[in-house]
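Heads up: the sequence lines are chains V and F, in that order. This note's numbering applies: residue 39 is where the first sequence begins, and numbers increase by one. This note's numbering applies: residue 39 is where the second sequence begins, and numbers increase by one. Take a look at the structure set out below.
There are 2 protein chains.
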Amino acid sequence: MAKGKLTDRQRRILDYIQDFSTDNGYPPSIRQIGASVGISSTSVVNYNLNRLVEEGFLDRDKNVSRGIRLTDKLLRATGNLGNVIRVPMVGRIFASEPVHLPSTDSPMFGADEAIEITRDMLSSTDEVFALEVKGDSMIDAMVSDGDIVVMKRDYHWRNGDMVAVWLRDLEETTLKYIYHEGDTIRLQPANPTMDPIIIEDPKHLEVQGKVMLVVRQLA
Amino acid sequence: MAKGKLTDRQRRILDYIQDFSTDNGYPPSIRQIGASVGISSTSVVNYNLNRLVEEGFLDRDKNVSRGIRLTDKLLRATGNLGNVIRVPMVGRIFASEPVHLPSTDSPMFGADEAIEITRDMLSSTDEVFALEVKGDSMIDAMVSDGDIVVMKRDYHWRNGDMVAVWLRDLEETTLKYIYHEGDTIRLQPANPTMDPIIIEDPKHLEVQGKVMLVVRQLA
DNA sequence: CTTGACATAGAACGTATGTTCCGCTAGAAT
DNA sequence: ATTCTAGCGGAACATACGTTCTATGTCAAG
Chain V
39 MAKGKLTDRQ RRILDYIQDF STDNGYPPSI RQIGASVGIS STSVVNYNLN RLVEEGFLDR
99 DKNVSRGIRL TDKLLRATGN LGNVIRVPMV GRIFASEPVH LPSTDSPMFG ADEAIEITRD
159 MLSSTDEVFA LEVKGDSMID AMVSDGDIVV MKRDYHWRNG DMVAVWLRDL EETTLKYIYH
219 EGDTIRLQPA NPTMDPIIIE DPKHLEVQGK VMLVVRQLA
Chain F
39 MAKGKLTDRQ RRILDYIQDF STDNGYPPSI RQIGASVGIS STSVVNYNLN RLVEEGFLDR
99 DKNVSRGIRL TDKLLRATGN LGNVIRVPMV GRIFASEPVH LPSTDSPMFG ADEAIEITRD
159 MLSSTDEVFA LEVKGDSMID AMVSDGDIVV MKRDYHWRNG DMVAVWLRDL EETTLKYIYH
219 EGDTIRLQPA NPTMDPIIIE DPKHLEVQGK VMLVVRQLA
């Protein structure tokens, strides 16, 4: 019952509700919906609205005029709500220590500090958190003191990703582009004038997260 | 008539409308407002609503249930609207040419391309535009190929601002921290390992804008 | 063919809701 | 004191709106 397909009419209804709401600041009435979609009968509109509720696109309140509300799910899909997401600021990052990862269980949203980012800046919004860069130790990654790096807790990576790695031997954290090359791993600085690090034994490094975004606020 | 002061009741009404709307996705009815604010008579609520319209805090639609809408003015004041601003992407920036500034008269919002930024990332939202960095010529500013710089068209600057300058002699654009030092101007690269440029004659440089934000999308 | 689920249409109904009118009070203006 | 206005309360009214019921047509399953 949950995953039925939407009819064309129902899609038009959703569109209309959304347009009307953003235009007027309140949702349309059943009769207005009918008029716009070309349904003469209020009961048919009512019927379709209830179907949309079952499908999870709408919420309705009984006996309330215009008691209709687009679901978060839908608003997110159309980008009209969750266009802004709050990314928790969970700490700092510097060369001399591994990245302090937020504990998995603790709700990341409990963090009192957070930065707001528009959704289209991030290709993924799961498991993301922000760190403030302290010191100039990341300049070879073209990241300076005070920058904010948004990371995703993700130990899988693909060639060309920029990752935060903890180098066990050197005992330092660094941000590098990472590449698999045969049996070795190449860590490439973002600064093209600098030389890569070649890691013979993957055991010597620990990928702590993928860098999704770097933000530098100047003025 | 425009600038009357709001009574306490009217303020509570505005608060309630806002809270109710965000909670329910649609505005409250007149009777709901009355109940929450402690007004037994619908006509009194109606009266106050009309006063709020006169003051410019509300819009109303006649004979429409819940036909009430908070003004942009109010939404902006409470920070519930414009949290996201669209910054027009007006071009690219590279060393070999001056910054291509958007023409002052043309509405910057006509730009079809734009990036969305949360308001709290920018200290100012006037006259801001975005440029994409092409090439590696800005690495001494810790800015890499593909980065997006958000600038403000502003020829006034203060010590420590990062600005885009066109160096007439060298015929190149560069991003530097700028400082007034007596009669000369010092342009300091963001990369602390690099040396500053000292400009003896201010005529030799042209400040084209202030860098407000640098964004780098990785994944 | 029959059945049943689904979608639609029209009409009637009940009520939630905005509108309007009349009356009252307190305070400022005349 | 009188007048005028802003603000409030109550009640009646008109209607915008959601709900419900009956009827019709379609189409795939039996």
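Backbone N, C-alpha and C define an ideal beta-carbon position, used for all residues, glycine too. This structure is a prediction, so every number in the text was calculated from the model and none was measured.
Reduced DSSP secondary structure (H/G/I, E/B, other) of residue i
i: threonine 189 of chain F; result: Just to set this straight, residue 189 of chain F is methionine in the shown sequence, not threonine. In the structure shown, methionine 189 of chain F sits in a strand (DSSP, three-state: E or B).
i: lysine 172 of chain F; result: coil
i: proline 240 of chain V; result: helix
i: phenylalanine 58 of chain F; result: helix
i: methionine 2 of chain V; result: Because chain V here runs from 39 to 257, residue 2 of chain V falls outside it and cannot be looked at.
i: tyrosine 217 of chain F; result: strand
i: leucine 108 of chain V; result: strand
i: arginine 130 of chain F; result: strand
i: threonine 80 of chain V; result: helix
i: glycine 247 of chain F; result: strand
i: valine 181 of chain F; result: coil
i: leucine 256 of chain V; result: coil
i: alanine 202 of chain F; result: strand
i: valine 75 of chain F; result: helix
i: aspartate 97 of chain V; result: strand
i: asparagine 86 of chain F; result: helix
i: threonine 142 of chain V; result: With a pLDDT of 49 at threonine 142 of chain V, under the threshold of 50, the predicted position of this residue should be treated as unreliable, though the coordinate-derived value follows. Coil.
Cβ shell of residue i (< 6 Å), same chain only, five flanking positions each side left out
i: arginine 107 of chain V; result: Asp97
i: isoleucine 186 of chain F; result: Ala168, Glu170 and Val253
i: isoleucine 235 of chain F; result: Leu225
i: leucine 205 of chain F; result: Leu243
i: methionine 176 of chain F; result: Leu213
Beta-bridge partners of residue i, as assigned by DSSP
i: valine 91 of chain V; result: For valine 91 of chain V, which the question treats as bridged, DSSP gives no partner whatsoever.
i: threonine 45 of chain V; result: Threonine 45 of chain V pairs with nothing; no bridge assigned.
i: alanine 152 of chain V; result: V:Pro126
i: isoleucine 223 of chain V; result: V:His218 and V:Ile237
i: tryptophan 195 of chain V; result: Beta-bridge pairing links tryptophan 195 of chain V to no other residue.
i: glutamate 210 of chain F; result: F:Leu205
i: valine 166 of chain V; result: V:Lys190
Same chain only: Cβ atoms within 7 Å of residue i, ignoring 5 sequence neighbours per side
i: tryptophan 195 of chain F; result: Val201, Ile216, Val245 and Lys248
i: asparagine 84 of chain V; result: Ile68
i: histidine 16 of chain F; result: Since the first residue shown for chain F is 39 and the last is 257, residue 16 of chain F is missing from the structure and cannot be characterised.
i: isoleucine 237 of chain F; result: Thr222, Ile223, Leu225 and Leu243
i: asparagine 121 of chain F; result: Thr156 and Arg157
i: valine 125 of chain F; result: Ala152, Ile153, Ile155, Val166, Phe167, Ala168 and Val188
i: aspartate 99 of chain V; result: Gly105
i: isoleucine 77 of chain F; result: Val83
i: aspartate 192 of chain V; result: Glu165, Gly247 and Lys248
Chain-order list of residues whose beta-carbon lies under 8 Å from that of residue i (same chain, five-residue window excluded)
i: proline 240 of chain F; result: Ile223
i: serine 79 of chain V; result: Gly72
i: methionine 232 of chain F; result: Asp178
i: valine 75 of chain V; result: Arg47, Arg50, Ile51, Tyr54 and Val83
i: serine 162 of chain V; result: Lys190 and Met250
i: glycine 173 of chain F; result: Phe132, Ala133 and Asp183
i: serine 59 of chain F; result: Pro65, Pro66 and Leu108
i: valine 268 of chain V; result: For residue 268 of chain V there is no data in the structure shown, the boundaries of chain V being 39 and 257.
i: aspartate 259 of chain F; result: Residue numbering for chain F in the displayed model covers 39 to 257; residue 259 of chain F lies beyond these limits and cannot be assessed.
i: leucine 257 of chain V; result: Correcting the residue identity first, residue 257 of chain V is alanine in this sequence and not leucine. Same-chain partners within the cutoff: there are none.
*Is the segment 122 to 132 of chain F close to the segment 166 to 179 of chain F, with three or more CB pairs under 8 Å?*
yes
*How about the segment 207 to 216 of chain V and the segment 173 to 190 of chain V: do they share at least three Cβ pairs that are nearer than 8 Å?*
yes
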